[in-house]
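Visitor: Please find one structure pasted underneath; my questions will follow.
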Amino acid sequence: MSDLKQMRAKTGTLSILIVDDEEKIQEAIVLFMEKFFGNTQSACNGEEALELFRQNKYDVLLTDISMPKMSGWELIDAVKKSDQEIFIAAMTGSPDEKENLIGMCDIYLNKPITIERLALMLEKIIEIKAL
C-alpha cells in the first residue's frame, strides 16, 4: 500500500508521540507525520515523553533508543506496562541494538530515517491495527 492518500485516510484518526533528542530529526519526522495522524505530539527525551503519555492516549509511539535522562528502552518498558495495545516503533543507528529490539517493539527503523522507512512504518501500523 504505497498510496500515501490511502494511508492518510486510514491513519487520520490515530495519535502519535514522537520522541528524539536530536531536534532536527524530531522536527522532520513531526512534519511528515502531521500529514498522516490526527494528533501528532513530540518530546525530546524519555522523561518528557512518559509525562505526556501519562496525560494523553496515543495509538503509536515512535522513539529513539539512545537518549539522555531516560533511554528508549526504559520508555518502551514503562509504556508497555500501562498500554499493551500501543504500536511501538523504535529508531536506532546502532546495529547492536537492532538485535535487542526484536520482541520489544512492532517495528524498528534504522537511522538515518528516510521517508521510505516512515512509509514502511505507516504500512505496518495499518496492518497491525487492521485499519
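Residues in the sequence shown are numbered from 1 upward in steps of one, following this note's numbering.
The C-beta atom is built at its ideal place from N, Cα and C for all residues, glycine as well.
Just so you know, these numbers come straight off a predicted model, no measurement behind them.
1) In this structure, what does DSSP give as the bridge partners for serine 42?
2) By the 10 Å Cβ neighbour count, where 16 or more other Cβ atoms means buried, how is asparagine 110 classified, buried or exposed?
3) Could you check whether the segment 1-17 touches the segment 116-128, counting it as contact only if at least three pairs of C-beta atoms, one from each stretch, sit closer than 8 Å?
4) Hey, could you find the ends of the alpha helix (DSSP H) threonine 11 is sitting in?
5) Applying the 10 Å Cβ sphere with the 16-neighbour rule, what's the burial state of threonine 63?
6) Among Leu17, Ser66 and Arg117, which has the Cα closest to the Cα of lysine 57?
7) Could you pull the start and end residues of the alpha helix (DSSP H) that aspartate 77 belongs to?
8) Taking Cβ positions only, does glutamate 22 come closer than 9 Å to chain D?
9) Within its chain, find whatever has a CB closer than 6 Å to the CB of glutamate 97; leave out the 5 residues flanking it on each side and keep chain order.
10) For the alpha helix (DSSP H) containing alanine 28, list its first residue and its last residue.
11) Under three-state DSSP, which class holds aspartate 96?
12) Give the secondary structure of methionine 121 by DSSP, where H, G and I count as helix, E and B as strand, and everything else as coil.
Guide: Let me spell this out:
1) Paired residue(s): Ile18.
2) Within a 10 Å sphere around the beta-carbon of asparagine 110 sit fewer than 16 other beta-carbons, which makes this residue exposed.
3) Three or more beta-carbon pairs drawn from the segment 1-17 and the segment 116-128 are found closer than 8 Å, and the two stretches are therefore classed as touching.
4) For threonine 11, the uninterrupted alpha helix (DSSP H) segment begins and ends at 4-11.
5) Under this definition threonine 63 is a buried residue.
6) Residue Leu17 is the option with its Cα nearest to lysine 57.
7) Segment 72-82, the alpha helix (DSSP H) holding aspartate 77.
8) Of the protein chains in this structure there is only one, and it is not chain D.
9) Contacts found: Ile65.
10) Taken as a continuous stretch (DSSP letters only), the alpha helix (DSSP H) holding alanine 28 covers 23-33.
11) In the structure shown, aspartate 96 sits in a helix (DSSP, three-state: H, G or I).
12) Three-state DSSP puts methionine 121 in a helix.
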